[in-house]
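>
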Amino acid sequence: MSARPPCRIAAVQMVSGPDVEANLAEAGRLIAEAAAAGARLVVLPEYFPLITPDETAKVRLRERDGEGPIQAFLKAAAQRHGVWLVGGSSPLLADAPDKVRNSTLVFDDTGRRVARYDKVHLFGFQRGGERYDESATIEAGSDVVTFDAPCGTVGLSICYDLRFPELFRAMGEVDLIVLPAAFTYTTGRAHWEVLLRARAIENQCYVLASAQGGVHAGGRRTWGDSLIIDPWGEVVARLAEGPGVVVADVDPQRIAEVRTSLPALKHRKLS
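Using the numbering used here, count along the sequence shown one by one with no gaps and you end on 780.
(1) Which residues in the same chain have their Cβ closer than 6 Å to the Cβ of F634, if we skip the five residues on either side of it in sequence?
(2) Specify whether the region 608-618 and the region 566-584 touch according to this definition: at least 3 beta carbon pairs, one from each stretch, less than 8 Å apart.
(3) Is it true that the CB of K608 sits closer than 8 Å to the CB of V568?
(4) Restricting to Cα atoms, I'd like to know which of F673, Y694, S644, G638 is closest to E711.
(5) Looking at the unbroken beta strand (DSSP E) that takes in S612, where does it start and where does it end?
(6) With DSSP as the reference, please indicate the residues paired to G753 in a beta bridge.
(7) Give me the Cβ distance between V529 and G723, rounded to the nearest whole Å; I'm assuming they're in contact under 8 Å.
(8) Quickly, what does DSSP pair Q580 with across the bridge? List them, please.
(9) Take the Cβ of G597 as the centre, count every other Cβ of all protein chains shown within 10 Å, and call the residue buried at 16 or more, exposed below.
(10) Could you say which of R729, R513, V521 lies nearest to A718 if we only look at CA atoms?
(11) Per the DSSP calculation, D739 is bridged to which residue(s)?
(12) With respect to the alpha helix (DSSP H) encompassing P761, which residues constitute its N-terminal and C-terminal limits?
(13) Where A749 and D734 are concerned, what is the direct C-alpha to C-alpha distance, given to the nearest angstrom?
(14) Taking Cβ to Cβ, would you say P689 is nearer than 8 Å to C668?
(15) Would you identify the three-state DSSP class for A658, choosing helix, strand or coil?
(16) How long is the line joining the alpha carbons of M510 and T769, rounded to whole angstroms?
(17) Would you be able to state if there are at least three C-beta pairs under 8 Å between the region 652-659 and the region 687-701?
(18) For L719, which residues does DSSP report across the bridge?
(19) Rounding to the nearest angstrom, what Cα-Cα distance links A726 and S651 in this structure?
(20) Which residue from I579, H630, G591, L533 puts its Cα closest to that of A649?
(21) Ignoring anything shorter than 3 residues or poking outside the region 527-606, list the beta strand (DSSP E) runs there in chain order.
(22) Does R538 pass the burial test, meaning 16 or more other C-beta atoms within 10 Å, or should it be called exposed?
(23) Could you round the C-beta distance between N532 and P558 to whole angstroms and report it? I think they count as a contact, below 8 Å.
(24) Would you tell me roughly how many angstroms separate the C-alpha atoms of L774 and P515, rounded to the nearest one?
(25) Helix, strand or coil for G697, going by three-state DSSP, please let me know.
(26) Bridge partners of A512, per DSSP?
(27) Could you check the C-alpha separation between R610 and I764 for me, to the nearest Å?
(28) What three-state label does DSSP hand R729 in the structure shown?
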């Protein structure tokens, strides 16, 4: 039986604002660009439909699972371009009436929904006048989610999850980890790349991080630096700031070479 051929993946970087329709139009443009570059799996960033200083806006925008214009957009875009589309994160209905689930939705190249992941770890940060508390408007998920795609087994995570390696270990052996994000400039500058490379190295898989990257309406600045990293921890594609697309290939042979020469996953003692 022949090995699976390399599969092209793409990270979309955006600078989303408060206008949902404008954000969806920009996402559509960038998905088309990724598809034209040969990508079979395309990942949008966290909060791709909406970033606004009003943290309660996403609660008003939240959709029931399987219904609503944001989900309809993702389904149609996957169908139109014939790509597997990982929809960054969208606000879905939560149990609490004043909160959302921050959810990654995955559609295959026919527009069929194949996976949903609700962000498990909620970001909290305070330094000087800079303050974030996602738990005020977001209800945490609890499930580890993977799915099978043309590029192999894919593990889902969002932004702050990056700091919790036990989540990625719980995925089992995966070929690709995707991490849509809206990392702050402060924490991104300090920790973004080193943590992403660590996740690739310790799990011996590709990592794709699709980021918000720039100055948003209201003055918030996100770090950007969307990256694709190989199983040896080498950065193979990146986009520092601003909207755009980065592409690279997931090569099963590269994964096999790394895991054969350094069988760290087989050497694990604790679980």
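All C-beta atoms, glycine included, are put in the ideal place defined by N, C-alpha and C.
Result, derived from the coordinates:
(1) Indexing the sequence shown from 1 puts residue 634 at position 125. Within the same chain, F634 has close Cβ partners Y641.
(2) yes
(3) Looking up residue 568 in the sequence shown gives position 59. Looking up residue 608 in the sequence shown gives position 99. Yes, they are a contact pair.
(4) Walking along the sequence shown from the start, residue 711 turns up at place 202. Selected option, being the one with the closest Cα: F673.
(5) For the purposes of this step, residue 612 is taken as the residue at position 103 of the sequence shown. Segment 609-616, the beta strand (DSSP E) holding S612.
(6) As a first step, residue 753 must be located in the sequence shown, where it is residue number 244. Q522.
(7) Position 20 of the sequence shown holds residue 529. Position 214 of the sequence shown holds residue 723. Actually they do not touch by this definition, with Cβ atoms about 18 Å apart.
(8) As a working mapping, residue 580 is identified with position 71 in the sequence shown. Paired residue(s): none; Q580 is not in a bridge.
(9) The residue given as residue 597 occupies position 88 in the sequence shown. Per the 10 Å Cβ criterion, buried.
(10) To locate residue 718, count along the sequence shown from 1; it is residue 209. Closest by alpha carbon: V521.
(11) Stepping through the sequence shown from its first residue, residue 739 is reached at position 230. Note: D739 sits in no beta bridge, so no partner.
(12) Within the sequence shown, numbered from 1, the residue matching residue 761 stands at position 252. From DSSP, the alpha helix (DSSP H) with P761 extends over 761-770.
(13) For this step, residue 749 is matched to residue 240 along the sequence shown. For this step, residue 734 is matched to residue 225 along the sequence shown. When rounded, the distance between both Cα atoms is 4 Å.
(14) Numbered from its first residue, the sequence shown carries residue 689 at position 180. Numbered from its first residue, the sequence shown carries residue 668 at position 159. For P689 and C668, yes; Cβs fall inside 8 Å.
(15) Within the sequence shown, numbered from 1, the residue matching residue 658 stands at position 149. Three-state DSSP puts A658 in a strand.
(16) Stepping through the sequence shown from its first residue, residue 510 is reached at position 1. Stepping through the sequence shown from its first residue, residue 769 is reached at position 260. For M510, the pLDDT reaches just 38, beneath the cut-off of 50, and the residue's location in the model is therefore unreliable, leaving the point undetermined.
(17) no
(18) Here the question's residue 719 lines up with position 210 in the sequence shown. Strictly speaking, residue 719 in this sequence is Ser, with Leu absent from that position. Answer is P689, bridged to S719.
(19) In the sequence shown, the residue the question calls residue 726 occupies position 217. In the sequence shown, the residue the question calls residue 651 occupies position 142. For A726 and S651, the distance between alpha carbons rounds to 32 Å.
(20) The residue labelled residue 649 in the question sits at position 140 within the sequence shown. Nearest of I579, H630, G591, L533 to A649, Cα basis: H630.
(21) 550-552, 593-595, 599-602
(22) Your numbering for residue 538 matches position 29 in the sequence shown. Exposed.
(23) For the purposes of this step, residue 532 is taken as the residue at position 23 of the sequence shown. For the purposes of this step, residue 558 is taken as the residue at position 49 of the sequence shown. That belief holds up - the Cβ atoms of N532 and P558 are roughly 5 Å apart, short of 8 Å.
(24) Stepping through the sequence shown from its first residue, residue 774 is reached at position 265. Stepping through the sequence shown from its first residue, residue 515 is reached at position 6. For L774 and P515, the distance between alpha carbons rounds to 22 Å.
(25) Taking the first residue of the sequence shown as 1, we reach residue 697 at position 188. Residue state, collapsed to three classes: helix.
(26) Here residue 512 refers to the residue found at position 3 when the sequence shown is read from its first residue. A512 is not bridged to any residue.
(27) Start at 1 with the first residue of the sequence shown, and residue 610 comes out as number 101. Start at 1 with the first residue of the sequence shown, and residue 764 comes out as number 255. Computed Cα separation, rounded: 33 Å.
(28) As a working mapping, residue 729 is identified with position 220 in the sequence shown. The answer is coil: DSSP assigns R729 none of H, G, I, E or B.
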